[in-house]
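In my numbering, the protein residues as written are 1 to 386. Ideal placement from N, C-alpha and C gives every residue a C-beta, glycine not left out. Below: one structure, written as structure tokens.
Structure (structure tokens):
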């Protein structure tokens with residue numbers, strides 16, 4: 001007997017329990033139709049001048065960091081460097097909105113965000129130099145390893161944030177990804193789990209227009225990437241990614257919301273990659289110079305300097321001081337990167353397992369014996385030459 005054949009079947013109208021009912025009003029989750037801005041608007045009057053000056057100093061330092069790292073690739077000191085020139089406002093704001101106890105989950109282009117959070121500039125480049133696995137201790141700095149595979153850091157951020165919430169720790173994870181990464185399955189899985197669990201995580205998409213050579217229009221037909229948030233049940237925010245004050249405000253609000261236990265937020269920052277994807281890329285094959293020139297008029301450093309000088313908060317002397325500090329940083333980075341690293345062969349076995357296997361112990365002992373024998377040989381030669 002089917003349901004239709006049961007007595008009273010015509011009147012049977014099952015009502016799903018509340019747990020089955022989706023959110024029916026998407027309006028509170030929808031982003032604004034245009035990217036949110038602060039600089040050049042009335043909203044800038046509410047921003048702490050000290051914050052604006054700090055953002056400026058960090059932007060100038062970040063611009064110089066990108067230039068120096070790019071130069072190091074040409075000198076053979078770095079294997080590759082994905083520059084974030086033009087995106088410095090996103091990078092700096094992402095670092096400054098977090099508390100010390102929070103976690104940053106960067107992508108491969110986010111070395112500048114890691115440095116702004118306090119990571120040694122050389123350690124931030126070590127992975128790209130090919131010396132060590134990551135170059136720094138993630139737990140010490142609360143910065144996950146710089147991630148080359150697209151979007152794989154996003155589920156990790158959700159897992160850490162969810163675990164922190166279960167433990168009662170007041171921790172927020174901020175996960176950075178490019179527009180290309182939003183086309184990966186990890187992006188969708190991470191947002192779905194985060195929304196269902198109300199995990200304290202902020203997803204920060206830097207939409208710089210291209211996934212290497214693929215423009216955004218060939219990746220998605222959505223009105224914006226921020227609109228994708230609605231499908232997962234979280235708010236989407238759209239912000240001008242070259243407006244440092246706006247990015248800082250929007251991310252601060254998203255972090256505060258996550259910390260209050262209200263769940264994740266997807267923030268899309270509309271910005272532009274001024275340089276090639278990496279030093280191995282020829283950007284002239286897929287975009288024209290006039291497009292780049294148009295975006296230079298919306299340069300994040302220029303925008304902030306114009307605001308600060310217009311309000312009398314920054315003068316030529318202040319700009320010069322910021323540039324001098326950036327030059328000192330670049331000189332120190334250049335000197336340290338030009339020194340050949342001192343490699344420790346036994347480090348090959350240090351970070352493979354928490355407890356070494358018998359096979360690893362055997363291999364480590366064999367290498368130690370070879371190194372000791374080589375040292376004895378050198379010492380014998382030195383004695384014979386006296």
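Just to confirm my understanding: we take residue i, look at its own chain, exclude 5 residues before and 5 after, and list those with CB closer than 6 Å. What are they?
i           : result
residue 254 : 202, 265 and 267
residue 37  : 240, 243 and 246
residue 114 : 106, 124 and 143
residue 252 : 97
residue 129 : 78
residue 213 : 286
If you reduce the DSSP assignment to three classes, tell me which class residue i lands in.
i           : result
residue 97  : coil
residue 387 : There is simply no residue 387 to check, as the chain begins at 1 and stops at 386 in what is shown.
residue 312 : coil
residue 39  : coil
residue 322 : helix
residue 297 : coil
residue 175 : strand
Does the separation of the CB atoms of residue i and residue j fall below 8 Å?
i           : j           : result
residue 209 : residue 286 : no
residue 161 : residue 172 : yes
residue 103 : residue 151 : no
residue 211 : residue 183 : yes
residue 341 : residue 131 : yes
residue 108 : residue 119 : no
residue 279 : residue 70  : yes
residue 205 : residue 269 : yes
residue 158 : residue 94  : no
residue 72  : residue 313 : no
residue 110 : residue 146 : yes
residue 170 : residue 260 : no
How big is the Cα-Cα spacing for residue i and residue j?
i           : j           : result
residue 275 : residue 99  : 31 Å
residue 379 : residue 166 : 57 Å
residue 33  : residue 238 : 8 Å
residue 164 : residue 155 : 14 Å
residue 234 : residue 29  : 6 Å
residue 225 : residue 236 : 8 Å
residue 66  : residue 304 : 18 Å
residue 370 : residue 362 : 13 Å
residue 215 : residue 306 : 30 Å
residue 258 : residue 328 : 37 Å
residue 331 : residue 318 : 20 Å
residue 139 : residue 290 : 44 Å
residue 366 : residue 384 : 27 Å
residue 381 : residue 343 : 23 Å
residue 398 : residue 223 : No information on residue 398 is available, as it lies outside the stretch 1 to 386 that the chain covers here.
residue 296 : residue 27  : 35 Å
residue 74  : residue 31  : 41 Å
residue 308 : residue 45  : 11 Å
residue 51  : residue 58  : 11 Å
residue 81  : residue 248 : 25 Å
residue 353 : residue 134 : 16 Å
residue 48  : residue 55  : 11 Å
With a threshold of 8 Å between beta carbons, is residue i in contact with chain B?
i           : result
residue 211 : No chain B appears in this structure, which consists of one protein chain only.
Using a Cβ-Cβ cut-off of 7 Å (strictly less than) and excluding sequence neighbours within five positions of residue i, which residues of its own chain qualify?
i           : result
residue 232 : 191, 192 and 195
residue 122 : 333, 336 and 337
Leaving out the 5 sequence neighbours to the left and right, which residues in its chain are closer than 8 Å to residue i when beta-carbon positions are compared?
i           : result
residue 323 : 60 and 64
residue 62  : 84, 88, 91, 92, 112, 115 and 116
residue 262 : 198
Length at least 3, wholly inside the stretch 211–293: the beta strand (DSSP E) runs in chain order: 236–240 and 265–270
Secondary structure, beta strand (DSSP E): runs of 3+ residues fully inside the stretch 70–123: For the stretch 70–123, whole beta strand (DSSP E) runs of length 3 or above, ordered along the chain, are 103–105.
Unbroken stretches of the beta strand (DSSP E), 3 residues or longer, contained in the stretch 183–213: Counting only unbroken stretches of 3 or more residues, the beta strand (DSSP E) elements lying wholly within the stretch 183–213 are 201–207, in sequence order.
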